[in-house]
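Worksheet: one structure, shown below.
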DNA sequence: AAAACGGGGTC
DNA sequence: GACCCAGTTTT
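In the working numbering, the protein residues as written are 0 to 382.
Right, dumping it as structure tokens:
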């Protein structure tokens, strides 16, 4: 078939296949543009199965634009806990507040207006416009680029912005009249269910007869994608600081800075440490105490090693040694007035912990700690 | 154009 | 262990 027939074949058969085979996903049951928006932001760089429970909780906690606009930021962050890329949550709330104030709570259906909202890039704007308003805008994500690169044999590096722009033009051409929302979702559904990254299910593909990549035996080589840089390793020492006296049963936690990695999340105190002293627990523990004192003006006494753990972000790998500690003299000493305070410290007990948002790595450590404590109280089973 | 920005599933 | 996921923002 010629190029035009190939495109037409693709659009028609993909759309039919989608309408007959689409998954029943929570956000597909809604026509609420705000709910669709929430789902699209959650789905950025995140799998469907991971998002589903978060989507239910989030839309229950913040069912409307107004509810999210008026919620305290900490509650929003807590609802996002564990999902990652936390700037998504803060940007979403900021954008929703703008919609609440400037657009009377109505999610804009205009390309320029919606694109100007925080956290709404080319993909998300296209997804909302097409799915919520059925406007013929492309919504090109990783799935779509994989599908198009294979079907049309596009060998440009999909990591390049120029390639995405090219894909968007192509994707827009393919949208069948009046079916933008279904078609865009069909493209992503195919990428997720059939045209998978590895070992695609070509034999059951609804558009296999028009697929140039398949015809040329290239489906395994596409899309072309430059390799990502490996994360840089970092050594970190972590303090599990248990309170005594009036703080008995509580832990000392701190809030991260306003900007940057894990912005405004809460965590166990920890410090980076240079390689030379890494290796023995004694040196690391001593290093931890000294670092917390010099960096945060928090004096802790040397503690016992508790566990080692590892946590990998996209760009950093934390290799962590965790120590049990006690606070030195009195409470934490925030720096003097007028001086920049990089972290805020606070004693919290098990119940209060529920209202603070922690990165998963610290949730893991705290759970491990609680289990050990419970074993001590009940008389340890096993070892 | 490159780096920052989480966390987890999968083969 | 490598790859990748319904990406956006900042540098």
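Idealized CB from N, CA, C, for every residue including glycine.
Bear in mind the structure is a predicted one, so any value in this text is a computation, not a measurement.
Contact between the region 247-265 and the region 190-204 is absent: fewer than three C-beta pairs spanning the two stretches fall below 8 angstroms. Annotated three-state conformation of residue 320 is strand, per DSSP. Here the alpha carbon of residue 149 sits roughly 20 angstroms from the alpha carbon of residue 122. Between the region 100-111 and the region 19-26 there are fewer than three C-beta pairs closer than 8 angstroms, too few to call the two in contact. Judged by their CB atoms, residue 140 and residue 223 are not nearer to each other than the 8 angstroms cut-off. Between residue 309 and residue 296, the C-beta gap is not smaller than 8 angstroms, which leaves the two residues out of contact.
For residue 142 against residue 186, the beta-carbon gap comes to about 7 angstroms, under 8 angstroms, which counts as contact. Bridge pairing for residue 345: 252 [DSSP].
Ranked by Cα distance from residue 4, the options 188, 56 and 210 are led by 210. Counting the other Cβ atoms within 10 Å of the Cβ of residue 216 gives fewer than 16, which makes it exposed.
A straight-line Cα-Cα distance of about 30 angstroms links residue 71 and residue 315.
A distance below 8 angstroms between beta-carbons, with the five flanking residues on each side excluded, links residue 235 to the following residues of its chain, in chain order: 269, 270, 271, 272, 317, 318, 319 and 320. Scanning 362, 2, 151 and 26 for the CA closest to the CA of residue 180 turns up 26. Across the set 45, 361, 92 and 86, the C-alpha of 92 shows the shortest separation from the C-alpha of residue 66. DSSP, read as helix, strand or coil, puts residue 270 in strand. Just measuring C-alpha positions, the residue of 266, 255, 264 and 286 sitting nearest residue 274 is 286. Note on geometry: alpha-carbon atoms of residue 95 and residue 64 lie some 6 angstroms from one another.
CA-to-CA, the gap between residue 52 and residue 46 works out to about 12 angstroms.
Under the three-state reduction of DSSP, residue 240 is assigned to strand. Secondary structure note for residue 99: its alpha helix (DSSP H) is the uninterrupted segment 86-101. DSSP places residue 192 within a helical segment (H, G or I) once states are collapsed to three. Taken in chain order, the complete alpha helix (DSSP H) segments of 4 or more residues contained in the region 150-196 are 160-173 and 179-192. In this structure, residue 354 lies away from residue 30, with their beta-carbon atoms at least 8 angstroms apart. Shown here, residue 221 sits in coil according to DSSP, grouped into three states, outside any helix or strand. Boundaries of the alpha helix (DSSP H) harbouring residue 59: 47-60, taken from the DSSP string. Between residue 86 and residue 262, the beta carbon gap of about 7 angstroms places them in contact (Cβ cut-off 8 angstroms). Residue pairing by DSSP places residue 309 opposite 318 in a beta bridge. When rounded, the separation of the alpha-carbon atoms in residue 233 and residue 42 is 29 angstroms. With respect to the C-alpha of residue 348, the residue from 73, 369 and 117 having the closest C-alpha is 369.
By the neighbour-count criterion, in which 16 or more other beta carbons inside 10 Å mark a residue as buried, residue 162 falls on the buried side.
The distance from the Cβ of residue 79 to that of residue 88 is about 4 angstroms, consistent with a contact at the 8 angstroms cut-off.
Judged by DSSP in its simplified three-state form, residue 298 adopts coil rather than helix or strand.
Annotation: residue 200 is outside any alpha helix (DSSP H) and is labelled neither H nor E by DSSP.
Non-local C-beta neighbours of residue 154 in its own chain, meaning closer than 6 angstroms and more than five positions away in sequence, comprise 223, ordered along the chain. Between the alpha carbons of residue 258 and residue 343 lies a gap of roughly 14 angstroms. Per DSSP, reduced to three states, the secondary structure at residue 261 is coil, with no helix or strand assignment.
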